[in-house]
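Participant:
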Amino acid sequence: MGSLTNNRTKIEDSDASDAEISSSASDAPNSDERDDRTSRDGASIALPTRVVGSGALDRLIDTARDYAEASTAENTNKAYAADWKHFTRWCRLKGTEPLPPSPEMIGLYVADLAAPTGKASALSVSTIERRLSGLAWNYRQRGFTLDRKDRHIATVLAGIKRKHARPPVQKEAILPENIQAMVASLPFDLRGLRDRAILLLGYAGGLRRSEIVSLDVNKDDTPDSGGWLEIFEGGVLLTLNSKTGWREVEVGRGSSDQTCPVHALEQWLHFGRIDFGPVFVRISRNGKRALEARLSDKHVARLVKATVLKSGIRADLPEAKRLAMFSGHSLRAGLASSAEVDERYIQKQLGHTSAEMTRRYQRRRDRFRVNLTKAAGL
Numbered sequence: 000m001g002s003l004t005n006n007r008t009k010i011e012d013s014d015a016s017d018a019e020i021s022s023s024a025s026d027a028p029n030s031d032e033r034d035d036r037t038s039r040d041g042a043s044i045a046l047p048t049r050v051v052g053s054g055a056l057d058r059l060i061d062t063a064r065d066y067a068e069a070s071t072a073e074n075t076n077k078a079y080a081a082d083w084k085h086f087t088r089w090c091r092l093k094g095t096e097p098l099p100p101s102p103e104m105i106g107l108y109v110a111d112l113a114a115p116t117g118k119a120s121a122l123s124v125s126t127i128e129r130r131l132s133g134l135a136w137n138y139r140q141r142g143f144t145l146d147r148k149d150r151h152i153a154t155v156l157a158g159i160k161r162k163h164a165r166p167p168v169q170k171e172a173i174l175p176e177n178i179q180a181m182v183a184s185l186p187f188d189l190r191g192l193r194d195r196a197i198l199l200l201g202y203a204g205g206l207r208r209s210e211i212v213s214l215d216v217n218k219d220d221t222p223d224s225g226g227w228l229e230i231f232e233g234g235v236l237l238t239l240n241s242k243t244g245w246r247e248v249e250v251g252r253g254s255s256d257q258t259c260p261v262h263a264l265e266q267w268l269h270f271g272r273i274d275f276g277p278v279f280v281r282i283s284r285n286g287k288r289a290l291e292a293r294l295s296d297k298h299v300a301r302l303v304k305a306t307v308l309k310s311g312i313r314a315d316l317p318e319a320k321r322l323a324m325f326s327g328h329s330l331r332a333g334l335a336s337s338a339e340v341d342e343r344y345i346q347k348q349l350g351h352t353s354a355e356m357t358r359r360y361q362r363r364r365d366r367f368r369v370n371l372t373k374a375a376g377l
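Under numbering that gives the first Met the number 0, the first residue of the sequence shown carries the number 0, and numbering increases by one thereafter.
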């Protein structure tokens with residue numbers, strides 16, 4: 000019971016912890032990070048050597064660098080920066096330089112990631128491939144090309160895949176009876192109204208946690224907006240700036256107010272007095288007032304885990320395993336696995352460019368629907 004109480008306390012205090020997360024994320028980078036950023040930007044966005052700089056041109060360079068930074072998602076930028084920092088440190092420890100790219104050294108780096116010496120943990124194949132993508136991106140920003148097909152990299156990676164590859168670990172999908180139990184476990188105070196709207200809207204919309212918290216009430220309310228909403232008689236229309244570009248998501252009204260995402264959203268907007276700016280914001284410590292600060296996407300993950308525990312989902316398993324099974328992505332997987340409609344509608348709702356990607360989210364839907372054993376006469 001002690002650990003369960005601790006987890007509940009974490010979600011109840013998450014408004015305060017979100018503020019800590021936001022402040023730590025905005026802290027000034029250390030000198031290595033500043034040097035990396037300066038080096039990258041200087042190599043990728045700069046004046047030709049034959050052009051004399053001026054105040055106007057310098058301002059345009061800064062603007063162009065801002066746009067270049069925005070060409071990839073913020074989380075991707077952070078991950079790629081961390082990849083480069085790790086690789087350059089590895090190079091220093093090995094007595095070599097990261098520039099220009101050396102396929103031989105990168106092959107050794109990849110091998111070290113898969114079978115490290117000392118106390119470091121071995122990385123999964125998917126993480127190693129992500130690290131390579133991060134290195135390739137960083138090299139491009141510095142005017143170099145990393146040939147991942149070079150035999151010193153490709154053959155090592157192929158051997159790692161053959162020896163260490165495992166099926167991807169997928170988070171458990173939240174099924175209809177689960178989401179109903181989760182929202183029923185929430186109180187009807189201001190924080191409960193907000194969190195109920197987050198869960199139901201995330202589930203019915205098949206939204207990523209970043210898409211949920213990036214919503215604004217109106218178009219162009221805030222510079223960091225990731226989309227906005229419009230409420231109609233039949234439901235709510237979300238216009239989202241997602242990983243694959245702008246898309247519209249329709250969330251219809253439910254069969255009852257208790258589980259209707261649109262009703263939950265309307266209740267939160269009304270009692271939270273949210274009519275401008277971020278839809279989902281922090282709440283004052285006394286729980287009586289909605290603040291202006293946008294929630295972190297980590298709040299969604301914490302909320303899912305806490306309500307899974309509180310509602311008794313998969314109570315037959317140890318608490319630690321239950322916590323590991325579910326995340327913010329479980330909402331998205333839940334819609335894909337539970338909606339009894341043509342697959343193309345699910346693909347459109349999730350914003351996937353291929354049906355194959357949508358099927359990865361369908362944990363149980365249509366399993367064994369096509370029985371080739373019987374079709375083959377057995």
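By construction, the Cβ of each residue, glycine as well, lies at the ideal position given by its N, Cα and C atoms. Being a predicted model, the structure only gives us computed values, none of them experimental.
Checking 7 Å against the spacing of the C-beta atoms, do residue 195 and residue 263 come in under that value?
Facilitator: Yes, they are a contact pair.
Participant: Starting from residue 133, follow the alpha helix (DSSP H) in both directions and report where the run begins and ends.
Facilitator: Here the alpha helix (DSSP H) through residue 133 covers 124 to 140.
Participant: For residue 326 versus residue 300, is the C-beta distance shorter than 7 Å?
Facilitator: Yes, they are a contact pair.
Participant: Beta-carbon within less than 7 Å of residue 102's beta-carbon, same chain only, minus the 5 sequence neighbours each way: which residues are those?
Facilitator: Result list for residue 102: 146, 149, 151, 152, in chain order.
Participant: Note down the Cα distance separating residue 20 from residue 293, rounded to an integer number of angstroms.
Facilitator: The predicted model places residue 20 with a pLDDT of 33, which falls under 50 and marks its position as unreliable, so this point remains unresolved.
Participant: For residue 217, which residues does DSSP report across the bridge?
Facilitator: Beta-bridge pairing links residue 217 to no other residue.
Participant: Given residue 121, which residues of its chain have a CB within under 8 Å of its CB, disregarding the five upstream and five downstream residues?
Facilitator: These residues qualify, in order along the chain: 112, 113, 114, 115, 163.
Participant: Quick check on this structure: which residue in 181, 117, 182, 78 has the alpha carbon closest to the alpha carbon of residue 135?
Facilitator: Nearest C-alpha to residue 135: 78.
Participant: How should residue 247 be labelled, buried or exposed, when 16 other C-beta atoms within 10 angstroms of its C-beta is the threshold for buried?
Facilitator: Residue 247 is exposed by the Cβ-count criterion.
Participant: Around the Cβ of residue 298, are there at least 16 other Cβ atoms within 10 angstroms (buried) or fewer (exposed)?
Facilitator: Buried: at least 16 other Cβ atoms inside 10 Å.
Participant: Given 8 Å as the limit, is there contact between the segment 46 to 59 and the segment 122 to 133, that is, 3 or more CB pairs closer than that?
Facilitator: In short, these stretches do not touch, since the Cβ pair count stays below three.
Participant: Look at residue 202 and residue 302 and say whether their C-beta atoms are less than 7 Å apart.
Facilitator: Their beta carbons are not under 7 Å apart, which means residue 202 does not touch residue 302 by this criterion.
Participant: Any contact between the segment 217 to 226 and the segment 308 to 326? By contact I mean 3 or more CB pairs, one from each, below 8 Å.
Facilitator: They do not touch, by the three-pair rule.
Participant: Return yes when the Cβ of residue 250 is within less than 7 Å of the Cβ of residue 204, no when it is not.
Facilitator: Cβ atoms of residue 204 and residue 250: closer than 7 Å.
Participant: Would residue 295 be called buried (16 or more neighbouring beta carbons within 10 Å of its own) or exposed?
Facilitator: By the neighbour-count rule (16 or more Cβ atoms within 10 Å), residue 295 is buried.
Participant: Decide if residue 118 is buried, meaning its Cβ has at least 16 other Cβ atoms within 10 Å, or exposed.
Facilitator: Under this definition residue 118 is an exposed residue.
Participant: Pick helix, strand or coil for residue 95, following the three-state DSSP scheme.
Facilitator: It is coil, neither helix nor strand.
Participant: Expressed to the nearest angstrom, what Euclidean distance is found between the alpha-carbon atoms of residue 171 and residue 94?
Facilitator: Whole-angstrom Cα-Cα distance: 44 Å.
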